[in-house]
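Sequence positions in the sequence shown follow mature numbering (1 follows the signal peptide of the UniProt record, and there is no 0) and run -18 to -1, 1 to 108.
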Amino acid sequence: YNFFSFFFFLLQLEPLDAAKTDLVAAYAINSLFWMYMNVCGINPKEHAVRQELGRIQSYMQRVKEIEDKKKAPKLDKDSTKRFVKSALWQAAKKRRDDVPLESEPSTSTERRREKQGGKKHKKNNY
């Protein structure tokens, strides 16, 4: 492998995967430099490499957030509208069916009176 084969490999990756690969490489190089400074007796906490590692970590966090957004479920707005419209229509129809019409008698007594022509039944007093 050489630089050109690695470069060709990066060109074939999706942009998000290429960014992740670049971030891992940058973090590894800076971590190795951090260790080299430790071995040489230099305090890396006071060096700019610490800020660089923090910057790379913040970019890694941004990539992770982008991945999470990509994995999040998507809402199909058209099907949602159809679902809500159908549910509202069914609820309205049910309410209409539940409410008796004024022309329809609601009790058996009223139905009987209607059959008799609207007259009240006379009681026989013996």
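All C-beta atoms, glycine included, are put in the ideal place defined by N, C-alpha and C. The model shown is predicted, which means the values in this text are computed figures rather than measured ones.
Residue i, buried or exposed, once every other Cβ within 10 Å from all chains shown has been counted against 16
| i | result |
| --- | --- |
| I24 | exposed |
| I48 | exposed |
| I11 | exposed |
Own chain partners of residue i with C-beta closer than 6 Å, once the 5 adjacent residues on each side are dropped
| i | result |
| --- | --- |
| A(-1) | L(-9) |
Endpoints, the alpha helix (DSSP H) within which residue i is located
| i | result |
| --- | --- |
| D(-2) | -4 to 21 |
| E34 | 30 to 53 |
| L(-8) | -16 to -7 |
Rounded straight-line distance, which links the Cα of residue j to that of residue i
| i | j | result |
| --- | --- | --- |
| G36 | P(-4) | 22 Å |
| K67 | F(-12) | 53 Å |
| F15 | K2 | 20 Å |
| L70 | S(-14) | 60 Å |
Chain-order list of residues whose beta-carbon lies under 7 Å from that of residue i (same chain, five-residue window excluded)
| i | result |
| --- | --- |
| M42 | L5 |
Neighbourhood of residue i by C-beta distance below 8 Å, restricted to the same chain and skipping five residues each side
| i | result |
| --- | --- |
| V31 | N12, F15, W16, M19 |
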